[in-house]
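**Student:**
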Amino acid sequence: MSEHDYSQLGAYALGALDPVESREVDEHLATCAECRAELAELEEMKEFLGEVPPEAFLDGPPDDGDLLLQRTLREVRETPARKSRWKPWLLAAAAVVVVAGVLGGGVLIGRQTVEQADAPVPGSKVVTAADATTGATMTTTVEPREGWAWIKVQITGLKPGDECVMLVTDKAGKTWTAGSWLISDKAAHDGSRFGGGVLVPPDQVKSVEIKTVQGKHVVTTTV
Amino acid sequence: MMATPATEYFLGWAPAIVPTVSANQGPDAAETFVRALYAEHGRSVLAYATRLTGDRAAAEDVVQETLVRAWKHADDLDQSKGSVRGWLLTVARNLVTDRARARAARPVEVADVVDRPPVERDHSEAVVNTMVVLGALDQVSPEHREVLVELYYRGRSVAEAAKELGVPPGTVKSRTYYALRAVRAVLAGHNGEVAR
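Protein sequence lines, in the order shown, are assigned to chains P and R.
Going by the UniProt record's numbering, the letters in the first sequence line up with residues 1 to 223, in that order.
Going by the UniProt record's numbering, the letters in the second sequence line up with residues 1 to 196, in that order.
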C-alpha cells in the first residue's frame, strides 16, 4: 500500500479487501499513526451502519403475502386513524435513550431499550414539573422541527371547564402563544393533552407555561 | 470538526412530522395508505421480522401490527422513503422485543416503565438509531449508498461488488472510502457531500 492511501481504508474497514491487500494495509497501519486515526473514524461509521438491518434494502411487497395484506386491511378498516392517542408518548420519549456525542470525541452508539413500540421522535426533550400551589403537574415534550418546535403537554390536576393557554418563552425572553383549549370533565379526570407549534428553534425553547384564559398561572416547565 | 448541536443535526433530514390531514379520511384512505406501505416496504419489514422471530407466522403478526400502528400514526409518516422504512423497522423490532419480554414471565409493572430518566438533554448529544442512519444513507449519493449496501450489508468483497456494479475494483475501493466519509459528514450535520 502506498503512503497514506486512504482509499484502501474504507474497504479495509468493511472487511472487503482480499487477503493480500488486507495484509498490505495491516503492514502500513503498523507504521502509520495517521492512517490508524483515519481508520478509527471509518470503523466508527461501520458501527453506525450496524444500526440498520440488511433487510432495510429489500424493496417491494413480500412474496406470498396476500393473506397478510388482507388481514391487515381488515384490521385497519376497523381502526380509526389516530384519535390523538398520545398515551404512549411519554414512554416514547423515555425510549429515546441512546446517546452519542457526534464527532469531536468519538461516537457512541446506544441501542434502544424501548419499553413500547412506537418510534420516538429523535431529538425530543421531555421535562416534567409540578406546581405545589395549583396542584397541576405537567410533562412537556419539545419535538424538533425544521427551525421551529412542536410542543406537547400532558397535564393532570386541572379543573373541568378551565380554559387554558399555552405560552412558550424563548431564550431571548420573547413569549409566544401556542394555542388554547378547554378542559373537559374527562381531561380533568384523566389528564389533558395538548400540542402546539411555535416558530422558535427547538434549542431556543426556554420554558412552557400554562395559564388560564383569565390570566391565572397554572404550571410552568423549564426546558 | 466541531461537535454539532443535536438539534441542528436533526434538522437536515429529520422527521418533518408536520401534521397533514391526508390520513384522517376514513376506510378508503386507510386502505390506500396501508396498501402503499405494504407494496413498498412489506418485503423489508417481513424479512426483518422473520429473522428476529425465526418464525414466519409470528413475523406476519408483527408486520400486521406494525402497519396498523403506522396507520394510527399516519400523520407522522408523511416522509421520505428512508425514514418511513426506518420507522417501520424500528417499530417492528420493538414489537418483537416487547413480545419476547412478555413471554419472559415477569409482568412489567407500569411504574417500572414510567420511572425512567427522560430524554438526554444535553444539546451536544444526539440519538443515533436506525432511523437516523437510514436517513443518512438516503442523503448520500446513490453511488455511495450502493457501494455500502454491497460491501457492508450484502457482505460482498471488492471484487464481487466491482462485478455486480460494473465498475473497476479501484473505483469500488475509493467510493467506499468516500461513502463512509459522506455518511459521517451527514451525521455530523454537514450538508455537503465529501468530494468525489
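Glycine residues also receive a C-beta, built at the ideal position from the N, C-alpha and C atoms.
Owing to the predicted nature of the structure, the values given are computational and were not obtained by experimental measurement.
(1) Quick one: what's got a C-beta closer than 7 Å to Ala-30(R)'s C-beta in the same chain, skipping five residues either side?
(2) Give the straight-line distance between the Cα atoms of Pro-144(P) and Leu-134(R), rounded to the nearest whole angstrom.
(3) Counting C-beta neighbours from all protein chains within 10 Å, is the total for Val-213(P) 16 or more, i.e. buried, or is it exposed?
(4) Count the other C-beta atoms from every protein chain shown that fall within 10 angstroms of the C-beta of Ala-23(R), then say buried if there are 16 or more, exposed otherwise.
(5) Does the stretch 173-180 of chain R come into contact with the stretch 41-52 of chain P, if we say contact requires no fewer than three beta-carbon pairs (one atom in each stretch) closer than 8 Å?
(6) Is there at least one Cβ from chain P nearer than 8 Å to Val-143(R)'s Cβ?
(7) I'd like to know if the stretch 4-17 of chain P and the stretch 167-176 of chain R are in contact, where contact means that at least 3 CB-CB pairs between them fall below 8 Å.
(8) If you run the structure through DSSP and keep just helix, strand and coil, what is Trp-150(P)?
(9) When we look at the beta-carbon of Ala-187(P) and count the other beta-carbons within 10 Å, is it buried (16 or more) or exposed?
(10) Assuming Val-45(R) and Ala-92(R) form a contact by the criterion Cβ under 8 Å, report the distance between their Cβ atoms to the nearest whole angstrom.
(11) Under 8 Å between C-beta atoms, does Ser-7(P) make it to chain R?
(12) Express the C-alpha separation of Asp-66(P) and Arg-74(P) in angstroms, rounding to a whole number.
(13) Here's the rule: buried if 16 or more other CB atoms are within 10 angstroms of the residue's CB, otherwise exposed. What is Thr-177(P)?
(14) Bridge partners of Thr-141(P), per DSSP?
(15) Chain P partners of Glu-164(R), CB-CB under 8 Å?
(16) For a cutoff of 8 Å on Cβ pairs, would you count Lys-152(P) as touching chain R?
(17) Helix, strand or coil for Arg-193(P)? Go by DSSP, reduced to three states.
(18) Nearest to Arg-51(R) by CA position, among Glu-40(R), Val-158(R), Val-96(R), Ala-39(R), is which residue?
(19) One question on the structure: do Thr-79(P) and Val-68(R) come within less than 8 Å of each other, judged by their Cβ atoms?
(20) In angstroms with no decimal places, state the Cα-to-Cα distance between Ala-149(P) and Leu-167(P).
(21) Just by C-beta distance, which residues in the stretch 30-50 of chain P are closer than 8 Å to chain R?
(22) Does the Cβ-Cβ distance between Pro-160(P) and Asp-190(P) come in under 8 Å?
(23) Closer than 8 Å, CB to CB, is Thr-140(P) near chain R or not?
(24) Using DSSP's beta-bridge definition, name the partner residues of Val-165(P).
(25) So, for Ala-49(R): in the same chain, excluding its five sequence neighbours on each side, which residues have a beta-carbon less than 7 Å away from its beta-carbon?
(26) Taking 6 Å as the limit between beta carbons, can you name the residues of its chain near Gln-141(P), skipping five residues before and five after?
(27) Should Glu-44(P) go down as buried or exposed, given a rule of 16 or more other Cβ atoms within 10 Å for buried?
(28) By DSSP, does Lys-206(P) sit in helix, in strand, or in coil?
(29) Report the three-state DSSP secondary structure of Thr-134(P) (helix, strand or coil).
(30) For Pro-209(P), collect the residues of the same chain with a Cβ closer than 6 Å to its Cβ; drop the 5 residues on either side in sequence, then sort them by chain order.
(31) Would you tell me roughly how many angstroms separate the C-alpha atoms of Pro-53(P) and Arg-193(P), rounded to the nearest one?
(32) If you check the beta carbons only, do Asp-18(P) and Ala-159(R) fall under 8 Å apart?
(33) Between the Cα of Val-165(P) and the Cα atoms of Tyr-6(P), Lys-174(P), Pro-61(P), His-217(P), which residue gives the shortest distance?
(34) Taking 6 Å as the limit between beta carbons, can you name the residues of its chain near Gln-154(P), skipping five residues before and five after?
(35) Quick check: is the beta carbon of Pro-19(P) nearer than 8 Å to any beta carbon in chain R?
(36) For a contact defined as C-beta to C-beta under 8 Å, what are the partners of Gln-64(R) on chain P?
**Tutor:** In terms of the structure at hand:
(1) If you number the second sequence from 1, residue 30(R) lands on position 30. Trp-71.
(2) Start at 1 with the first residue of the first sequence, and residue 144(P) comes out as number 144. Start at 1 with the first residue of the second sequence, and residue 134(R) comes out as number 134. Each residue's alpha carbon lies about 19 Å from the other.
(3) As a working mapping, residue 213(P) is identified with position 213 in the first sequence. Val-213(P) counts as exposed, since fewer than 16 other C-beta atoms from the protein chains shown sit within 10 angstroms of its C-beta.
(4) Locating residue 23(R) in the second sequence gives position 23, where the first residue counts as 1. Bear in mind that a pLDDT of 45 at Ala-23(R), under 50, signals an unreliable position, so the model cannot answer this.
(5) yes
(6) What you label residue 143(R) is simply residue 143 of the second sequence in a count that begins at 1. Before going on, a small fix: residue 143(R) reads as Glu here, not Val. By this cut-off, Glu-143(R) is not an interface position.
(7) yes
(8) Locating residue 150(P) in the first sequence gives position 150, where the first residue counts as 1. Trp-150(P) falls in the strand class under three-state DSSP.
(9) Along the first sequence, read from residue 1 onward, the residue named residue 187(P) stands at position 187. Buried, since its Cβ has 16 or more Cβ neighbours within 10 Å.
(10) Position 45 of the second sequence, counted from the first residue, corresponds to residue 45(R). Position 92 of the second sequence, counted from the first residue, corresponds to residue 92(R). The Cβ separation is near 5 Å, so the contact holds.
(11) In the first sequence, residue 7(P) corresponds to position 7, counting from 1. Answer yes: the Cβ-Cβ gap between Ser-7(P) and chain R drops below 8 Å somewhere.
(12) Position 74 of the first sequence holds residue 74(P). Position 66 of the first sequence holds residue 66(P). Approximately 12 Å, taken between the alpha carbons.
(13) Here the question's residue 177(P) lines up with position 177 in the first sequence. Per the 10 Å Cβ criterion, exposed.
(14) Start at 1 with the first residue of the first sequence, and residue 141(P) comes out as number 141. Per DSSP, Val-126(P), Lys-152(P).
(15) Translated into positions along the second sequence, residue 164(R) becomes position 164. Under the 8 Å cutoff, chain P gives no residues; its nearest Cβ is about 12 Å from Glu-164(R).
(16) Translated into positions along the first sequence, residue 152(P) becomes position 152. No, no contact with chain R.
(17) For this step, residue 193(P) is matched to residue 193 along the first sequence. Reduced to three states, the DSSP call for Arg-193(P) is strand.
(18) What you label residue 51(R) is simply residue 51 of the second sequence in a count that begins at 1. Of the residues Glu-40(R), Val-158(R), Val-96(R), Ala-39(R), the one whose Cα lies closest to the Cα of Arg-51(R) is Val-96(R).
(19) As a first step, residue 79(P) must be located in the first sequence, where it is residue number 79. As a first step, residue 68(R) must be located in the second sequence, where it is residue number 68. Yes, they are a contact pair.
(20) Numbered from its first residue, the first sequence carries residue 149(P) at position 149. Numbered from its first residue, the first sequence carries residue 167(P) at position 167. Going from the Cα of Ala-149(P) to the Cα of Leu-167(P) covers about 13 Å.
(21) Glu-41, Leu-42, Glu-44, Met-45, Lys-46, Phe-48, Leu-49
(22) Counted from its first residue, the first sequence places residue 160(P) at position 160. Counted from its first residue, the first sequence places residue 190(P) at position 190. It is not a contact, given that the beta carbons lie outside the stated cut-off.
(23) Translated into positions along the first sequence, residue 140(P) becomes position 140. Thr-140(P) does not count as touching chain R.
(24) By one-based count along the first sequence, residue 165(P) stands at place 165. According to DSSP, which records beta bridges pairwise, Val-165(P) is partnered with Ser-180(P), Lys-211(P).
(25) Here residue 49(R) refers to the residue found at position 49 of the second sequence. Once the five neighbours on either side are set aside, the close Cβ partners of Ala-49(R) are Ala-59, Val-62, Val-63, Ala-92, Val-96.
(26) Taking the first residue of the first sequence as 1, we reach residue 141(P) at position 141. In the sequence on display, residue 141(P) carries Thr and not Gln. Setting aside the 5 residues that flank it on each side, Thr-141(P) is surrounded in the same chain by Ala-93, Ser-124, Val-126, Lys-152, each with a C-beta closer than 6 Å to its C-beta; the list follows chain order.
(27) Residue numbering aside, residue 44(P) sits at position 44 when the first sequence is read from its first letter. So Glu-44(P) counts as buried.
(28) Here residue 206(P) corresponds to residue number 206 of the first sequence, with the count starting at 1. Strand, per DSSP.
(29) Translated into the one-based positions of the first sequence, residue 134(P) becomes position 134. Thr-134(P) falls in the coil class under three-state DSSP.
(30) Numbered from 1 along the first sequence, position 209 holds the residue referred to as residue 209(P). The identity of residue 209(P) in the sequence shown is Glu, whereas the question assumes Pro. The answer, listed in chain order, is Leu-167, Thr-220.
(31) On the first sequence, position 53 is the one that residue 53(P) refers to. On the first sequence, position 193 is the one that residue 193(P) refers to. Near 35 Å, if we compare the C-alpha coordinates of Arg-193(P) and Pro-53(P).
(32) Translated into the one-based positions of the first sequence, residue 18(P) becomes position 18. Translated into the one-based positions of the second sequence, residue 159(R) becomes position 159. Result yes, Cβ atoms of Asp-18(P) and Ala-159(R) sit closer than 8 Å.
(33) On the first sequence, position 165 is the one that residue 165(P) refers to. Checking every option, the nearest Cα to that of Val-165(P) belongs to His-217(P).
(34) Position 154 of the first sequence, counting from 1, holds the residue named residue 154(P). Excluding sequence neighbours, Gln-154(P) sits near Thr-139, Gly-191, Arg-193.
(35) Translated into positions along the first sequence, residue 19(P) becomes position 19. Not closer than 8 Å to any Cβ of chain R, the Cβ of Pro-19(P) fails to qualify, so no.
(36) In the second sequence, the residue the question calls residue 64(R) occupies position 64. In chain order: Leu-68, Arg-71, Thr-72, Glu-75.
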